[in-house]
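Just below is one structure, and these are the notes that go with it.
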Amino acid sequence: MENKNTITRRSAITGMGAICLTTAFTPVLGADFTGDEKSNILPEDPKTKYPRPPFKEQKQPWPGLVSKMDPRPDHGEKSYKGSGRLKGRKALITGGDSGMGRAAAIAYAREGADVAINYYPTEEEDAKEVIQLIKAEGRKAIAIPGDLRDESFCKSLVEKAVKELGGLDIVINNAARQQTHDSILDISTEDFDATMKTNIYAPFWIIKAALPHLKPGSSIIGTSSVQAYAPTEDLYDYAQTKAATTNYIKSLAKQLAPKGIRVNGVAPGPVWTPLQVSGGATMEKLKNFGGQTPMGRPGQPVELASIYVQLAAEDASYATGQIYGSSGGEGNP
1 MENKNTITRR SAITGMGAIC LTTAFTPVLG ADFTGDEKSN ILPEDPKTKY PRPPFKEQKQ
61 PWPGLVSKMD PRPDHGEKSY KGSGRLKGRK ALITGGDSGM GRAAAIAYAR EGADVAINYY
121 PTEEEDAKEV IQLIKAEGRK AIAIPGDLRD ESFCKSLVEK AVKELGGLDI VINNAARQQT
181 HDSILDISTE DFDATMKTNI YAPFWIIKAA LPHLKPGSSI IGTSSVQAYA PTEDLYDYAQ
241 TKAATTNYIK SLAKQLAPKG IRVNGVAPGP VWTPLQVSGG ATMEKLKNFG GQTPMGRPGQ
301 PVELASIYVQ LAAEDASYAT GQIYGSSGGE GNP
């Protein structure tokens with residue numbers, strides 16, 4: 001007679017395996033998720049997630065303000081959720097008042113980092129909002145206005161950040177100057193110099209000043225652009241600086257790897273920031289901004305925030321000399 005209570009060796013092992021798998025995966029699948037969070041993890045169509053062109057004509061004096069843009073860019077003010085990936089870290093972000101710098105600053109604070117942001121003095125209105133958002137996360141927030149085209153300021157910027165934060169282990173060179181010109185003949189020496197000073201000289205000065213303070217495990221991140229490898233005819237000087245940014249990231253990564261310092265870059269495509277409305281795009285291009293991408297729209301700064309987090313995070317310790325693209329399906333890398 002068959003004993004229905006008999007447990008064979010095979011069934012015992014199978015049962016134990018199922019229990020082990022259930023035990024292993026249940027905490028991962030269920031950890032820290034409330035009912036609301038579970039309902040919010042469904043994927044959303046990226047084509048229609050954010051505003052699409054056409055956009056209204058608008059123009060601001062350089063360098064522009066987030067608060068006066070229409071539509072207002074999304075930097076993750078309400079949407080970005082942190083998980084402690086940068087707990088205890090200390091970051092300096094140039095251009096931290098708007099665009100990708102602002103998105104990174106918000107994300108870093110919500111991931112547990114203390115943050116110092118630099119911005120041009122006329123951007124004080126936007127900077128105050130960022131400082132409040134950082135402090136709302138219980139993190140230290142340092143505002144350091146100034147002109148990055150000044151070498152002495154760049155040095156003092158690093159010194160103040162180190163002093164106020166109590167150290168430094170993340171440096172993001174994000175601030176940039178972008179002005180559209182139909183012809184090289186329209187670019188004055190003063191304009192060319194201002195773009196080079198902001199986009200190339202400033203990171204050079206800042207990195208030199210920061211290196212003595214960066215210990216193994218630190219991270220340097222540069223903001224490049226799709227313009228580095230797919231330049232348009234109207235951004236002659238800006239595109240050059242972004243090609244140079246990509247190059248210095250790869251060169252410096254090799255130089256600093258033996259010191260345990262990682263260097264990486266982010267290459268955005270068309271992203272909706274004050275750069276575009278303060279001389280970085282013609283009115284015609286602005287109206288259809290991002291419409292030429294496979295996504296059919298520009299990116300929002302928040303869509304790059306997690307890339308800046310990942311590049312600084314400890315679990316990305318083997319990534320150096322890399323350029324991470326986010327351009328809606330066009331260009332490289």
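For the sequence shown, the positions run 1 to 333 when UniProt numbering is used. The beta-carbon is built from N, C-alpha and C at its ideal position, and this holds for glycine as well.
Membership of G99 in the alpha helix (DSSP H) is indicated by the continuous run G99 to R110. Judged by DSSP in its simplified three-state form, D186 adopts helix.
Assigned with DSSP and collapsed to three states, L286 falls in helix. With a cutoff of 8 angstroms on beta-carbon distance, A105 and I117 are scored as near each other. The residue among T232, A267 and V158 with its C-alpha nearest the C-alpha of N247 is A267.
Residue nearest to G88 within the set W272, Y318 and I170 is I170 (criterion: CA-CA distance). Three or more beta-carbon pairs drawn from the stretch 223-242 and the stretch 179-193 are found closer than 8 angstroms, and the two stretches are therefore classed as touching.
Around the beta carbon of G299, 16 or more other beta carbons lie within 10 angstroms, which makes this residue buried. If you look at P203, you'll find it isn't in any beta strand (DSSP E); it sits in the alpha helix (DSSP H) that goes A202 to A210. A residue is called buried when at least 16 other Cβ atoms come within 10 angstroms of its Cβ; N264 meets this threshold and is buried.
DSSP places N174 outside both helix and strand once states are collapsed to three, so it counts as coil. Inclusion of Q227 and A210 in the CB contact set at 8 angstroms is not warranted, their separation being larger than that value.
Apart from the 5 residues on each side of it in sequence, E159 sits with its Cβ closer than 8 angstroms to the Cβ of A209 in its chain, given in chain order. Annotation for E125: L65 and S67 place their beta carbon closer than 8 angstroms to its own, counting only its chain and skipping 5 residues before and after. A residue is called buried when at least 16 other Cβ atoms come within 10 angstroms of its Cβ; R72 does not meet this threshold and is exposed. With distances taken between CA atoms, I172 lies nearest to I207 out of E151, I142 and I207. Taking the Cα of D114 as reference, the smallest distance to any Cα among R85, D74, K78 and D315 is reached at R85. For Y236, the enclosing alpha helix (DSSP H) covers residues Y236 to L256. Within the same chain, Cβ atoms closer than 7 angstroms to the Cβ of G260 are found at P216 and G217, the five residues on either side in sequence being excluded. Only buried fits P270, as 16 or more other CB atoms lie within 10 angstroms of its CB.
Take the alpha-carbon of Q58 and the one of T241: they are about 26 angstroms apart. Assigned with DSSP and collapsed to three states, N199 falls in helix. Taking C-alpha positions only, D193 is separated from T282 by approximately 21 angstroms. Contact annotation, S224 with I323: C-beta distance approximately 6 angstroms; criterion of less than 8 angstroms satisfied. Counting every other CB atom within 10 Å of its CB across the protein chains shown gives L42 a total below 16, marking it as exposed. Judged by DSSP secondary structure, K90 falls outside any alpha helix (DSSP H) and instead within the beta strand (DSSP E) spanning K90 to T94.
As the crow flies, the alpha-carbon of K254 is around 24 angstroms from that of K197. Less than 8 angstroms separates the beta-carbon of I187 from that of D237. Judged by beta-carbon spacing, A175 lies within the 8 angstroms limit of L148, meaning their Cβ atoms are closer than that value. Within the DSSP bridge table, the entry for V263 names I220 as partners.
In this structure, DSSP gives Y50 a state outside helix and strand, which the three-state scheme calls coil. In the same chain as T293, and ignoring 5 residues on each side of it, the C-beta atoms closer than 8 angstroms to its own belong to G269, P270, S327, G328, G329 and E330, in chain order. Its chain contains K47 and R52 as the residues whose beta carbon lies nearer than 7 angstroms to that of G296, once the 5 sequence neighbours on both sides are disregarded; these appear in chain order. Taking S79 as reference, the option from T94, A103, P258 and W62 with the minimal CA-CA separation is A103.
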